[in-house]
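Numbers given in the numbering used here equal positions in the sequence shown, counted from 1, plus 15. We put the CB at the ideal spot given by N, CA and C, even for glycine. Fair warning: this is a prediction, and the values are worked out from it, not measured in the lab. Input: a single structure, listed below in structure tokens.
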Amino acid sequence: MTDSNMARRDALGLMGAMAMAGMPAMAGAQTPPSPSEKLRMFIMMRGSLDDSLVLSWNQGQYFGLIDGETTPLCGIINATLSRYRRRADGGYDGARGEISFITDLESGQIVRQIRNPYTGAMVDTPARGYPPSIVHINPDLKIRINENNGEKLENTTSAPFRNGADVWMSEANAAKTQLPNGKISLYNEIINYRARSADFARPGAARVACDTSFTSLVSWRSWLQMGDRPGRMLAVGTGTYVRHIEELPKIWLEEMRRTQPEVIAQPLAFLQLAWARLG
């Protein structure tokens with residue numbers, strides 16, 4: 016799903032019109048939650064109040080976007096593995112990694128090549144994603160990581176709000192990275208989280224069942240071989256959190272058993288190097 020800069024998507028932010036477009040409409044006046052309650056609800060949707068393994072998946076589609084016109088490119092399927100623990104100041108530290116694959120638009124199956132509709136060339140589609148990295152979620156809901164030279168990171172998170180039986184939150188992320196060739200790589204993303212209001216009140220609950228949707232607008236990925244052509248990639252998709260790794264999508268599991276069986280066998284070990292650096 017990403018090039019190198021997207022390894023930081025957990026710490027980034029998106030401002031302005033895109034953020035407004037990605038957020039569900041507020042349903043009437045509500046009493047603002049306290050900062051600690053806002054953080055608790057966000058962690059229960061995005062992760063877990065304890066240090067248990069958290070699993071989620073997303074499936075969506077990439078489009079090319081040139082001069083306001085979209086062109087279908089390919090599908091995307093990914094899974095994210097993470098775990099968090101509470102800090103003394105009330106914030107949370109975590110380890111989080113993602114493994115993604117490109118899929119065929121018609122069959123939905125993972126593919127190794129697609130035809131670039133702009134150039135007509137067949138291009139390779141290697142496994143994407145980012146290796147496990149450390150995530151810091153502060154009490155004010157600012158998300159940060161250790162930034163690389165030349166990288167500018169921003170992030171905002173909406174207050175939780177209720178609409179009927181549901182609670183919604185939105186996370187807006189953006190990155191601007193200076194590449195070795197002198198170009199600037201951009202990544203902008205909105206993630207919407209939806210859970211049931213009643214689940215937050217369950218005694219002893221560390222997390223809630225949560226569905227997600229995402230929209231991203233990014234620079235051309237290098238594997239598309241677009242050269243200096245103007246334009247961006249637009250992605251949209253949906254997903255959910257699951258309790259067990261075997262509940263992740265079948266095609267993702269089959270590919271992982273073939274290429275990275277150790278992640279399926281020991282998912283916590285996948286996060287261990289980043290988790291150990293938390294001290």
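Could you give the DSSP three-state label for residue i: helix, strand or coil?
i, result
"Arg-272", "helix"
"Ala-138", "The question names Ala, but residue 138 in the sequence shown is Val. Looking at Val-138 - three-state DSSP - the assignment turns out to be strand."
"Met-60", "helix"
"Gly-126", "Correcting the residue type first, residue 126 is Val in the shown sequence and not Gly. Coil, per DSSP."
"Lys-198", "coil"
"Pro-87", "strand"
"Ala-291", "helix"
"Ala-210", "strand"
"Glu-121", "coil"
"Pro-39", "The predicted position of Pro-39 is uncertain, since its pLDDT is 45 and thus under 50; a value taken from the coordinates is nonetheless stated next. DSSP places Pro-39 in coil when its eight states are reduced to three."
"Ser-51", "helix"
"Ile-160", "coil"
"Leu-283", "helix"
"Glu-262", "helix"
"Ser-173", "coil"
"Ser-237", "helix"
"Ala-44", "Legend: pLDDT at Ala-44 = 48, less than 50; position of this residue unreliable, value from coordinates given subsequently. If DSSP states are grouped into helix, strand and coil, Ala-44 belongs with coil."
Name the one or two DSSP bridge partners that residue i has.
i, result
"Phe-215", "BP columns for Phe-215 are empty, so no partner."
"Leu-249", "Phe-78, Leu-232"
"Ser-148", "Arg-111"
"Phe-116", "Ile-92"
"Val-295", "The chain is shown from 16 up to 294; residue 295 falls before or after that span and cannot be answered."
"Leu-168", "Ala-190"
"Asn-203", "Ala-189, Leu-232"
"Trp-72", "Ala-94, Thr-255"
"Asp-181", "Asn-178, Arg-211"
"Thr-227", "Tyr-208, Gly-254"
"Arg-102", "Arg-102 pairs with nothing; no bridge assigned."
"Arg-143", "Ser-115"
Could you tell me how far apart the beta carbons of residue i and residue j are, in whole angstroms, since I believe they sit closer than 8 Å?
i, j, result
"Tyr-256", "Ala-224", "7 Å"
"Leu-239", "Pro-147", "That pair is no contact at about 26 Å."
"Gln-76", "Gly-252", "7 Å"
"Ser-231", "Asn-203", "6 Å"
"Pro-175", "Pro-48", "6 Å"
"Pro-298", "Leu-88", "As shown, the chain starts at 16 and ends at 294. That puts residue 298 outside it, with no answer to give."
"Arg-273", "Ile-279", "With 8 Å as the limit, Arg-273 and Ile-279 do not qualify as a contact, their Cβ atoms being about 10 Å apart."
Between residue i and residue j, is the Cβ-Cβ spacing less than 9 Å?
i, j, result
"Ser-200", "Ser-234", "yes"
"Ile-129", "Ser-115", "no"
"Ile-160", "Ile-149", "yes"
"Asn-207", "Met-241", "no"
"Gly-62", "Arg-222", "yes"
"Trp-267", "Arg-98", "no"
"Val-126", "Thr-134", "no"
"Gly-106", "Leu-54", "yes"
"Trp-72", "Thr-95", "yes"
"Pro-282", "Ile-260", "yes"
"Leu-286", "Gly-179", "no"
"Met-59", "Ala-220", "yes"
"Arg-209", "Asp-226", "yes"
"Arg-102", "Leu-64", "no"
"Arg-247", "Gly-79", "yes"
"Ile-152", "Phe-215", "no"
"Glu-262", "Leu-120", "no"
"Leu-249", "Thr-140", "no"
"Ala-189", "Glu-169", "yes"
"Arg-211", "Val-182", "yes"
"Gln-74", "Pro-264", "yes"
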